[in-house]
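Engineer: Top line first, the protein sequences correspond to chains V and S. Quick note: the first sequence uses the numbering used here, first residue 9, plus one each step. Quick note: the second sequence uses the numbering used here, first residue 7, plus one each step. In this text, a Cβ means the ideal position worked out from N, Cα and C, and glycines have one as well. Just so you know, these numbers come straight off a predicted model, no measurement behind them. Submitted below is the structure of interest, expressed as structure tokens.
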Amino acid sequence: MSTVNEFDRSMSLPQLPFDLAEPFGLPTLEKAAMLLSTLNEMTDWHTAKCSPYANMRQRMFTSGLSRVREDLPFLPVRLFKTLKLASVADSEIVKTLTSSGTTGQAVSRIFLDRETSVRQSRVLTAIMASSLGKKRLPMVIIDSPELMKDRSRFNARAAGILGFSVFGRNHYYCLDKKLQLDTDGLAAFLEEHRETPILAFGFTFVVWQGLYQSALQAGRRFDFGPGSTLIHGGGWKRLLDQQVDNTTFKLRMREQLGIQRVFNYYGMVEQVGSIFMECEYGYLHAPVYADVIIRDPMTLEPLSVGQVGVIQVLSALPISYPGHSLLTEDMGVLHGEDDCPCGRLGRYFSVTGRMPQVEMRGCSDTRSIP
Amino acid sequence: MMNIHYFLEQSSNRPLDEVLASCAELPAWRPFDHRAVDFVARFSQRLLMHQDVRRYPEIAALGHWFRAARMRDLAQYYPIETDDAVIVGRGLTFHLAPANVDSVFMYSWLISLLAGNANIVRVSQKISSQLAFLVEVLNSTLQEDVGQAVQGRIVIMTYPHDEGITRSISSQCMMRVVWGGDATVATIRSVPLRPTATEICFPDRFSAAAIKAEALAMADDDALKKLAANFYNDAFWFGQQACSSPRLVNWVGDSEQCAVAQARFWEAVRQEVKRRAPENTPAMGMARLSAAFEYAAFSLAHPSIQEPFIQSPARLELETLVSSEAKALHCGNGLFLEQRLDAIEQLASQLSDKEQTLAVHGFTRAEILLLVNALPARSLDRIVPMGEALGFAPVWDGTDLFVAFSRRISIPKNSL
């Protein structure tokens with residue numbers, strides 16, 4: 009087996025071949041071929057630019073172009089926690105994103121160059137415009153302004169807030185650094201913008217704990233107003249531990265806070281930008297720049313509509329790191345393709361939970377106890 | 007000291023200093039004192055009679071190992087008095103157990119009791135169902151008459167990370183036994199012991215198997231089936247995560263012989279895995295898959311054959327000699343590294359103090375001795391027939407536990 013890759017190192021940058029004005033406008037028949045050819049180009053690009061990726065591709069997959077999306081080489085997403093995977097020189101890296109793991113856990117490190125970063129914002133803007141329209145609304149950010157001040161830790165939460173804050177104006181951070189709600193401050197902000205619809209954004213567990221539970225404990229109800237929208241993401245793990253599902257979440261947001269429209273999104277620090285937004289019918293949608301495949305967790309065979317399996321995510325955005333095709337550790341189910349009642353084309357699906365983690369056994373696993 | 011939780015009723019709610027003081031002043035017994043033997047025999051009998059033991063084959067093996075007849079045999083082997091010495095326990099022994107109860111750790115603790123010691127055992131904060139089961143049976147055995155005599159000699163506790171508690175216990179014990187990862191061993195070692203105390207550590211180890219291709223070629227189907235079953239017992243119990251579980255399979259012979267032997271052997275193992283259906287969750291598959299990608303990323307190994315890699319057993323062919331990186335990336339869960347050697351002694355130069363057990367099949371004693379004579383210092387503690395890698399012996403990691411847990415008081419040879 010040869011260890012050097014034989015690809016031309018001066019290859020051209022894979023382009024984003026899609027109309028940014030229509031993130032959900034292509035039927036699968038057209039989208040699939042375009043996305044596949046872009047992703048094939050990206051596989052070759054990363055093979056030429058990232059030698060650990062080339063090593064993995066050579067050993068774990070058959071060579072040559074993939075003829076269907078299911079054949080594309082993928083990486084298990086946890087590799088970004090253990091390997092440094094970059095497809096650009098260190099001097100090209102403008103930002104390093106890290107996942108917000110708890111202390112002691114390994115975190116993902118994602119290296120962004122200018123091009124990837126620009127693609128992420130452009131695509132996120134296009135996807136958000138389809139849910140929010142183009143007008144920028146007064147925005148409540150459900151987090152602490154302190155989080156943004158600490159630039160030494162540019163973690164997923166801070167990056168997410170920064171990315172989403174461009175869709176609103178007059179930003180108001182409603183939590184203090186202990187993630188407690190400033191009830192009077194929020195009431196004043198809502199009063200000030202009584203005449204316009206409000207946009208709210210936050211991470212799912214922060215919204216639940218910092219906004220909803222704080223308001224509940226303080227005995228305060230709020231009214232975000234008739235046109236209000238909450239966008240939230242980041243994962244359900246901590247809420248599912250408390251038996252809170254999406255339906256309950258929406259109901260509580262409406263009851264306690266008067267937020268009318270609540271949209272979850274599925275995204276990860278390893279594929280910022282090409283997020284999967286929830287529609288009015290409660291389904292997550294793949295935009296034209298991205299796709300999902302559900303696989304049997306035991307055989308990795310692709311599954312069809314209605315079968316729960318492990319989620320693989322595809323994205324046409326990552327140029328500076330080999331993250332265009334990732335096998336996640338999330339479980340989900342595909343609901344259909346091109347036929348969601350909301351009218352968006354492409355695949356739509358739900359996330360059902362996390363794959364349970366491996367239990368440590370045997371005699372080699374005492375964690376440090378002093 | 008509010009954070010300590012005691013599992014056995016007799017020690018609940020007592021301040022640590024009081025527990026330590028009363029343990030430390032207990033006399034050391036002679037090895038195989040009938041009070042300790044009777045208790046251990048009754049405990050293992052109760053384990054084996056319990057209706058739930060079927061769920062825990064490793065605990066059944068433990069109960070079987072400590073049956074009364076076995077202890078009588080052991081007592082013959084370890085005299086408690088010789089012409090010039092009397093053998094007694096070392097005194098209070100502090101055991102730090104691994105995160106999940108591993109039966110090997112239970113063996114060492116019971117041997118310490120049999121050797122004549124009082125014991126404080128710190129178990130993981132995460133209580134497994136195996137541990138709950140063992141504690142339940144221990145408690146009920148302590149309630150019986152045989153329990154009276156040993157009550158104070160068994161303290162089982164857990165506490166969250168707290169160096170102060172570890173320090174207090176370490177300052178009182180005469181012996182410390184540490185099971186755990188290399189980092190744990192290093193951390194605990196930084197906590198001082200009494201000047202006269204000793205310590206045994208059982209850190210992370212790496213184990214392998216070696217098969218002579220020629221011997222496998224001569225095996226008939228029954229012998230092959232037996233070999234596969236033995237390999238299964240070594241590699242698939244404890245999710246391949248015991249220190250003694252083989253993670254590397256060395257094939258000895260020319261490449262043609264080895265290719266034939268590998269195909270035959272792995273097909274038999276696959277059948278055995280199918281038949282016995284070990285736990286194989288999606289998360290275990292993901293762990294195997296991710297490890298394979300990591301080996302690939304560093305050009306250390308590639309899949310041995312073209313097949314859906316996520317399946318178990320999953321095989322990776324090494325591209326380099328066995329390195330510490332290659333050992334560190336291994337995650338257990340039914341993943342096997344493979345390499346071919348012309349002769350078994352070629353393995354020696356690839357070994358280090360990390361290696362514990364080599365399970366072998368098909369070699370002559372002379373061949374094994376060639377390997378042993380070529381070994382680097384401190385590498386390999388055991389070479390065992392395939393199927394006995396997880397078997398327990400009082401000599402563990404090269405240390406005779408009965409000897410380590412006791413001491414000799416010299417006496418004049420002739421009566422005065």
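Within 10 Å of its beta-carbon, does Tyr165 (chain S) have 16 or more other beta-carbons around it, so buried, or fewer, so exposed?
Structural biologist: buried
Engineer: For Ala208 (chain V), report the span of its alpha helix (DSSP H) as first-last.
Structural biologist: Element bounds for Ala208 (chain V): not the alpha helix (DSSP H) but the beta strand (DSSP E), Leu207 to Phe211.
Engineer: Buried or exposed for Met55 (chain S), please, with buried defined as at least 16 other CB atoms from any protein chain shown within 10 angstroms of its CB.
Structural biologist: exposed
Engineer: Mind reading off the beta-carbon distance from Val94 (chain S) to Ile417 (chain S)? Whole number of angstroms is fine, and I expect it under 8 Å.
Structural biologist: Incorrect: roughly 12 Å between the Cβ atoms, too far for contact.
Engineer: Return the residues of the segment 121 to 145 of chain S that lie within a Cβ-Cβ distance of less than 8 Å from chain V, sorted by chain order.
Structural biologist: Arg128 and Ser130
Engineer: What are the start and end residues of the beta strand (DSSP E) that includes Leu343 (chain S)?
Structural biologist: Leu341 to Leu347
Engineer: Quick one: what's Thr106 (chain V) bridged to in DSSP?
Structural biologist: Listed as beta-bridge partners of Thr106 (chain V) by DSSP are V:Arg117 and V:Asn163.
Engineer: Of all the options S:Ala235, S:Trp35, S:Gln57 and S:Ala283, which has the alpha carbon lying nearest to the alpha carbon of Ile415 (chain S)?
Structural biologist: S:Trp35
Engineer: If the cut is a Cβ gap below 8 Å, which residues of chain S does Val174 (chain V) touch?
Structural biologist: Within 8 Å Cβ-Cβ: nothing; Val174 (chain V) doesn't reach chain S, min ~35 Å.
Engineer: What are the start and end residues of the alpha helix (DSSP H) that includes Cys337 (chain S)?
Structural biologist: Premise fails: Cys337 (chain S) is in no alpha helix (DSSP H) and is neither H nor E.
Engineer: Relative to the C-alpha of Arg77 (chain V), which residue among V:Ile302, V:Phe32 and V:Val115 is closest?
Structural biologist: V:Ile302
Engineer: Quick check on Ile117 (chain S): buried or exposed, where buried means 16 or more other Cβ atoms within 10 Å of its Cβ?
Structural biologist: By the neighbour-count rule (16 or more Cβ atoms within 10 Å), Ile117 (chain S) is buried.
Engineer: Checking the sheet assignment: what are the DSSP bridge partners for Asp406 (chain S)?
Structural biologist: S:Val401
Engineer: So, at 6 Å on beta carbons, what are the nonlocal neighbours of Phe172 (chain V) in its own chain, with the 5 sequence-adjacent residues on each side left out?
Structural biologist: Phe209
Engineer: Going by C-alpha distance, which of V:Leu187, V:Ala166, V:Ala164 and V:Leu198 is nearest Asn178 (chain V)?
Structural biologist: V:Leu198
Engineer: Using a Cβ-Cβ cut-off of 8 Å (strictly less than) and excluding sequence neighbours within five positions of Ser330 (chain S), which residues of its own chain qualify?
Structural biologist: Answer for Ser330 (chain S): Ser358 and Lys360, listed in chain order.
Engineer: Which residues of the segment 9 to 22 of chain S have a Cβ closer than 7 Å to any Cβ of chain V? Give them in chain order.
Structural biologist: Against chain V - using a Cβ distance shorter than 7 Å - the segment 9 to 22 of chain S contributes no residues.
Engineer: If we define contact as Cβ-Cβ less than 8 Å, is Glu100 (chain V) a contact residue for chain S?
Structural biologist: At least 8 Å separates the CB of Glu100 (chain V) from every CB of chain S.
Engineer: Give me the chain S residues within the contact set of Leu87 (chain V), using Cβ-Cβ distance strictly less than 9 Å, ordered along the chain.
Structural biologist: Ser296, Phe299, Glu300 and Ala303
Engineer: Ignore the nearest five residues each way along the sequence and tell me which others in Pro60 (chain V)'s own chain have a CB closer than 7 Å to its CB.
Structural biologist: Leu91 and Leu93
Engineer: List the residues that DSSP assigns as beta-bridge partners of Gln320 (chain V).
Structural biologist: V:Ile301 and V:Leu335
Engineer: Taking the alpha-carbon of Ala298 (chain V) as reference, which of V:Val341, V:Val131, V:Ala167 and V:Met261 has the nearest alpha-carbon?
Structural biologist: Of the candidates V:Val341, V:Val131, V:Ala167 and V:Met261, the one whose C-alpha sits nearest the C-alpha of Ala298 (chain V) is V:Val131.
Engineer: What ranges does the beta strand (DSSP E) occupy inside the segment 245 to 276 of chain V, keeping only unbroken runs of at least 3 residues that lie completely in it?
Structural biologist: 269 to 274
Engineer: With a cut-off of 8 Å, does the C-beta of Gly259 (chain S) fall near any C-beta of chain V?
Structural biologist: Not closer than 8 Å to any Cβ of chain V, the Cβ of Gly259 (chain S) fails to qualify, so no.
Engineer: Return the CA-CA distance between Tyr113 (chain S) and Phe408 (chain S), expressed in angstroms with no decimal places.
Structural biologist: 11 Å
Engineer: List, in chain order, every chain S residue whose beta-carbon is nearer than 7 Å to that of Pro84 (chain V).
Structural biologist: Met292, Leu295, Ser296 and Phe299
Engineer: How close, in whole Å, do the beta carbons of Gly241 (chain V) and Asn272 (chain V) come, if the pair is a contact with beta carbons under 8 Å?
Structural biologist: Yes, they are in contact, since the Cβ atoms of Gly241 (chain V) and Asn272 (chain V) sit about 6 Å apart, within 8 Å.
Engineer: Using C-beta distances below 8 Å, list every residue in its chain close to Val390 (chain S), excluding the 5 sequence neighbours before and after it, in chain order.
Structural biologist: Thr363, Leu364, Ala365, Val366 and Gly397
Engineer: Using only the alpha-carbon positions, how far apart do Arg144 (chain V) and Met50 (chain V) sit?
Structural biologist: 34 Å
Engineer: Going by the CB atoms, is the gap between Val215 (chain V) and Ile135 (chain V) shorter than 8 Å?
Structural biologist: no
Engineer: Whose CA, out of S:Thr190, S:Gly170 and S:Glu344, lies closest to the CA of Val258 (chain S)?
Structural biologist: That would be S:Glu344, whose Cα lies nearest to the Cα of Val258 (chain S).
Engineer: Confirm, please, whether the CB-CB distance from Val328 (chain S) to Gln356 (chain S) is below 8 Å.
Structural biologist: yes
Engineer: Is there contact here, the segment 368 to 385 of chain S with the segment 291 to 305 of chain S, by at least three beta-carbon pairs under 8 Å?
Structural biologist: no
Engineer: Who does Ser416 (chain S) pair with in a DSSP beta bridge?
Structural biologist: By DSSP's assignment, Ser416 (chain S) forms a beta bridge with S:Ala91.
Engineer: For Glu203 (chain V), is the classification buried or exposed, using 16 other Cβ atoms within 10 angstroms of its Cβ as the cut-off for buried?
Structural biologist: exposed
Engineer: Quick check on Gln362 (chain S): does DSSP put it in helix, strand or coil?
Structural biologist: strand
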